[in-house]
Amino acid sequence: MENNLQIIEYQPLYKDDFKRINVEWIETYFKIEPHDLEQLEAPEDIINGGGQIFLAKLGDEIVGTSALIHDGDGVYELAKMGVTPKAQGLGLGKKLCVKTIEEAKVRKAKSLYLVSNRSLTPAITMYSSIGFVEVPLKSNLYERGNIKMEYPI
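Everything in the sequence shown is counted per the UniProt record's numbering, starting at 1 for the first residue and increasing by one.
Here is the structure:
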């Protein structure tokens with residue numbers, strides 16, 4: 001199955017996949033918030049704003065997403081990270097995360113952070129294993145966010 005896996009850059013034809021995967025995981029654990037809808041309805045805004053979206057493609061199917069969102073001044077957020085239930089456990093989340101970190105470095109990011117929820121233990125464990133460390137969460141766009149982590153660039 002590993003041979004059929006590709007991490008690819010976003011193209012407009014994957015807009016529905018980007019939305020589907022993110023809606024699926026968010027609705028499983030939380031609720032869709034207005035800021036989610038802004039990003040999911042217009043993923044091209046992420047790219048036009050200096051970011052990038054990556055997709056995990058297994059065979060012919062898109063099964064995972066991650067986004068690198070430019071907040072300005074060299075600050076980037078790792079967001080919209082999700083893998084479909086049937087593709088979980090294959091290490092796709094980690095591959096997407098590493099690819100997103102690599103892209104942040106290429107873009108000369110000054111800092112890279114993410115906001116998550118402590119109830120998502122497998123995700124928090126994976127982020128920690130890659131090198132993200134918890135930092136104080138001062139403000140947050142998402143009601144569900146209760147932990148902020150930064151990657152030492």
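Cβ atoms here follow ideal geometry from the backbone N, Cα and C, with glycine treated the same way.
Item: Quick one: Cα of L112 to Cα of Q39, how far?; Value: 18 angstroms
Item: Going by the CB atoms, is the gap between K86 and F54 shorter than 8 angstroms?; Value: no
Item: Apart from the five residues just before and just after L114, which ones in its own chain have a Cβ nearer than 6 angstroms to its Cβ?; Value: L78, M149
Item: DSSP on A87, reduced to helix/strand/coil?; Value: helix
Item: Is it buried or exposed for H70, if we count other Cβ within 10 angstroms and need 16 for buried?; Value: buried
Item: Closest by CA to N116, which one among Y29, Q11, L5?; Value: Residue identity check: residue 116 is Ser in the sequence provided, not Asn. Nearest C-alpha to S116: Y29.
Item: Using only CA atoms, which one of I8, V75, A42, I32 lies nearest to E143?; Value: I32
Item: Going by beta carbon distance, what residues of the same chain come within less than 8 angstroms of M126, once the five residues before and after it are set aside?; Value: G93, K94, C97
Item: Kindly give me the distance between the Cβ atoms of G131 and L137, rounded to whole angstroms, as I take these residues to be in contact under 8 angstroms.; Value: Their Cβ separation, rounded to whole angstroms, is 19 angstroms, which puts G131 and L137 out of contact at 8 angstroms.
Item: If we call anything under 8 angstroms between Cβ atoms a contact, is K105 one with I153?; Value: yes
Item: Please state the DSSP three-state secondary structure of Y113.; Value: strand
Item: Compute the distance between the beta-carbons of Y76 and A109, then report whether it is under 8 angstroms.; Value: yes
Item: Would you kindly check if the distance between the Cβ of L5 and the Cβ of L58 is under 8 angstroms?; Value: yes
Item: Using C-beta distances below 6 angstroms, list every residue in its chain close to A67, excluding the 5 sequence neighbours before and after it, in chain order.; Value: I46, I53, A79, K80
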